[in-house]
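Novice: Below you will find the structure I want to go over with you.
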Amino acid sequence: MLETCVGVWTDSHFPAGAIADQCCALQDSGHVDGVLIPDQLAGFAPQQLWTPENTPLAGLIGDPDSAMDAFMVAPYIHAAAPKLNLHLTSDSVRRGPAELVQSMLTLAHLTEGRANFQIGSGELKQTGPFGRPTNQGMSRMKDLFQIYRQILDTDGPIDFDGRRWKFKRAYLGGAKQYRPTLWVLGGGPQLLDYATSWADGLAIAAPNALTSPEQTAEAIRAVRRQVEQKGRDPDQFRIALWVCVLLHPDEAKLEAARL
Numbered sequence: 001m002l003e004t005c006v007g008v009w010t011d012s013h014f015p016a017g018a019i020a021d022q023c024c025a026l027q028d029s030g031h032v033d034g035v036l037i038p039d040q041l042a043g044f045a046p047q048q049l050w051t052p053e054n055t056p057l058a059g060l061i062g063d064p065d066s067a068m069d070a071f072m073v074a075p076y077i078h079a080a081a082p083k084l085n086l087h088l089t090s091d092s093v094r095r096g097p098a099e100l101v102q103s104m105l106t107l108a109h110l111t112e113g114r115a116n117f118q119i120g121s122g123e124l125k126q127t128g129p130f131g132r133p134t135n136q137g138m139s140r141m142k143d144l145f146q147i148y149r150q151i152l153d154t155d156g157p158i159d160f161d162g163r164r165w166k167f168k169r170a171y172l173g174g175a176k177q178y179r180p181t182l183w184v185l186g187g188g189p190q191l192l193d194y195a196t197s198w199a200d201g202l203a204i205a206a207p208n209a210l211t212s213p214e215q216t217a218e219a220i221r222a223v224r225r226q227v228e229q230k231g232r233d234p235d236q237f238r239i240a241l242w243v244c245v246l247l248h249p250d251e252a253k254l255e256a257a258r259l
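Here it is in structure tokens:
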């Protein structure tokens, strides 16, 4: 099943209604299946470079870091555009696994199963400045994905003895009429092992490590083989590609931007 998803920029400099209008337009287009909402504490552009000389946006927006809380924005978007699937990105460091899985179950319930979460190991800009550990992302991620799988696949309380988290008869309730999906966000052998062992899918960016359609296709086949080798159904394992797309009605302007 092919799904088209568009990322939305949640910035507090803009009226909240602008996000709702954007998502309604995407929904009404008939060509977009979902939106991706990033869970960011800090923006992608360094503050020192946020000047009108470097980007015209700096003349309109005071800073690139006034991001909204994705977990609060998501229900707002769903209320405005209920036909869109919701994809949220976050990491394994800033939120505990119990709270994160509860949020997943909550949004899945609100959207009747249209909630997906893409979790990475944590960017330095999202952790270090805010007092979070910067060297525990992978171990926390391993714990999180195992805890998620146990909670989703177990009817009662769970016990878990991980490197970062210990659970003893932990229970988030049995109401799981609608299930979220959890994908690994990133690449590399260790993350691929986590994804194919416990996750529902994998999200990777292209072109980054993957530089051609042929290379991407072979990488996807390798991931599905690994899923199957672990006794799981490869057809149920989703693969997402993050790609940057330039859109403009004038092809000359697109060519100029590419150059």
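Position 133 (the sequence shown) corresponds to 133 in the UniProt record's numbering; numbering is contiguous. Glycine residues also receive a C-beta, built at the ideal position from the N, C-alpha and C atoms.
#1: Write down the C-beta distance between Ser90 and Ala67 rounded to the nearest angstrom, noting that I regard them as a contact closer than 8 Å.
#2: Ala81 and Gln27 look like a contact to me (Cβ under 8 Å); what is the Cβ gap, rounded to whole Å?
#3: Looking only at its own chain, which residues have a Cβ that is under 8 Å from the Cβ of Ala206, when we skip the five neighbours before and after it?
#4: Less than 7 Å between C-beta atoms, sequence neighbours within five positions excluded: which residues of the same chain meet that for Leu185?
#5: Please specify which runs of the alpha helix (DSSP H), each continuous and at least 4 residues long, are wholly inside the segment 122 to 204, giving them in chain order.
#6: Do you know whose CA, among Ala257, Ala170 and His87, lies nearest Gly201's CA?
#7: Alpha carbon to alpha carbon, what distance is there between Ala108 and Thr134?
#8: Would you kindly check if the distance between the Cβ of Cys23 and the Cβ of Val8 is under 8 Å?
#9: Could you check if Val245 is buried or exposed, using at least 16 other CB atoms within 10 Å of its CB as the buried criterion?
#10: May I have the straight-line CA-CA distance separating Arg179 from Glu3, to the nearest angstrom?
#11: From which residue to which residue does the beta strand (DSSP E) around Arg238 run?
#12: Going by DSSP, what residues sit across from Phe117 in a beta bridge?
#13: To which residues of the same chain is Gln40 closer than 6 Å at the C-beta, ignoring the five residues directly before and after it?
#14: Span of the alpha helix (DSSP H) holding Pro213?
#15: Which of the three DSSP states, helix, strand or coil, is assigned to Pro97?
#16: Suppose you measure from the CA of Leu222 to the CA of His31; what does that come to, to the nearest Å?
#17: Please classify Phe237 as buried or exposed, where buried requires at least 16 other C-beta atoms within 10 Å of its C-beta.
#18: Using DSSP with H/G/I as helix, E/B as strand and the rest coil, what is Ala81?
#19: Out of Pro38, Pro64, Ile37 and Ala42, state which residue places its alpha-carbon closest to the alpha-carbon of Trp50.
#20: What's the gap between the Cα of Gln177 and the Cα of Asp250?
#21: Which one or two residues does DSSP pair with Cys23 in a beta bridge?
#22: So, for residue 265: in the same chain, excluding its five sequence neighbours on each side, which residues have a beta-carbon less than 7 Å away from its beta-carbon?
#23: In this structure, how does DSSP classify Gly59 when only helix, strand and coil are distinguished?
#24: Would you identify the three-state DSSP class for Ala45, choosing helix, strand or coil?
#25: Determine whether the beta carbon atoms of Lys230 and Ser197 lie at a separation below 8 Å.
#26: Roughly how many angstroms separate the alpha carbons of Ile61 and His13, rounded to a whole number?
#27: Exposed or buried, which one is Tyr171 when buried takes at least 16 other CB atoms within 10 Å?
Specialist: Taking the definition as stated:
#1: Numbered from its first residue, the sequence shown carries residue 90 at position 90. Numbered from its first residue, the sequence shown carries residue 67 at position 67. Ser90 to Ala67, Cβ: 12 Å. No contact.
#2: One-based indexing of the sequence shown puts residue 81 at position 81. One-based indexing of the sequence shown puts residue 27 at position 27. Indeed, because the Cβ distance is near 4 Å, the residues count as touching under 8 Å.
#3: Counted from its first residue, the sequence shown places residue 206 at position 206. Contacts found: Thr216, Leu241, Trp242 and Val243.
#4: For the purposes of this step, residue 185 is taken as residue 185 along the sequence shown, with counting starting at 1. Excluding positions up to five away in sequence, the list reads Thr89, Gln118, Ile119, Gly120 and Ala203.
#5: 124 to 127, 137 to 153 and 189 to 198
#6: The residue labelled residue 201 in the question sits at position 201 within the sequence shown. Nearest of Ala257, Ala170 and His87 to Gly201, Cα basis: His87.
#7: Reading the sequence shown from its first residue, position 134 is the one you call residue 134. Reading the sequence shown from its first residue, position 108 is the one you call residue 108. Distance between the alpha carbons of Thr134 and Ala108: 30 Å.
#8: The sequence position of residue 8 within the sequence shown is 8, counting from 1. The sequence position of residue 23 within the sequence shown is 23, counting from 1. Cβ atoms of Val8 and Cys23: closer than 8 Å.
#9: Position 245 of the sequence shown, counted from the first residue, corresponds to residue 245. Looking at its Cβ environment, which holds fewer than 16 other Cβ atoms inside 10 Å, Val245 is exposed.
#10: On the sequence shown, position 179 is the one that residue 179 refers to. On the sequence shown, position 3 is the one that residue 3 refers to. Cα to Cα, Arg179 sits roughly 18 Å from Glu3.
#11: For the purposes of this step, residue 238 is taken as residue 238 along the sequence shown, with counting starting at 1. Its beta strand (DSSP E) spans residues Arg238 to Trp242.
#12: On the sequence shown, residue 117 is found 117 positions in, with the first residue counted as 1. In the DSSP output, where bridge partners are listed per residue, Phe117 has Leu88 and Leu182.
#13: Position 40 of the sequence shown, counted from the first residue, corresponds to residue 40. Correct list, in chain order: Ala67.
#14: Start at 1 with the first residue of the sequence shown, and residue 213 comes out as number 213. Residues Pro213 to Gln229.
#15: Counted from its first residue, the sequence shown places residue 97 at position 97. Helix.
#16: Within the sequence shown, the letter at position 222 stands for residue 222. Within the sequence shown, the letter at position 31 stands for residue 31. Checking the displayed sequence, the identity of residue 222 turns out to be Ala instead of Leu. Cα-Cα distance, rounded: 30 Å.
#17: By 1-based counting over the sequence shown, the position of residue 237 is 237. So Phe237 ends up on the buried side.
#18: Here the question's residue 81 lines up with position 81 in the sequence shown. Ala81 falls in the coil class under three-state DSSP.
#19: Counting from 1 along the sequence shown, the entry for residue 50 is found at position 50. When each option's Cα is compared against that of Trp50, the closest is Pro64.
#20: For the purposes of this step, residue 177 is taken as residue 177 along the sequence shown, with counting starting at 1. For the purposes of this step, residue 250 is taken as residue 250 along the sequence shown, with counting starting at 1. If I take the Cα positions, the gap works out to 47 Å.
#21: Within the sequence shown, the letter at position 23 stands for residue 23. DSSP output for Cys23 lists no bridge partner at all.
#22: A question about residue 265 goes unanswered here, because the residues of the chain that appear run from 1 up to 259.
#23: One-based indexing of the sequence shown puts residue 59 at position 59. In this structure, Gly59 counts as helix in the three-state DSSP scheme.
#24: In the sequence shown, counting from the first residue as 1, residue 45 sits at position 45. Coil, per DSSP.
#25: On the sequence shown, residue 230 is found 230 positions in, with the first residue counted as 1. On the sequence shown, residue 197 is found 197 positions in, with the first residue counted as 1. Taking 8 Å as the Cβ cut-off, Lys230 and Ser197 qualify as a contacting pair.
#26: On the sequence shown, position 61 is the one that residue 61 refers to. On the sequence shown, position 13 is the one that residue 13 refers to. When rounded, the distance between both Cα atoms is 7 Å.
#27: On the sequence shown, position 171 is the one that residue 171 refers to. When all chains shown are included, Tyr171 counts as exposed.
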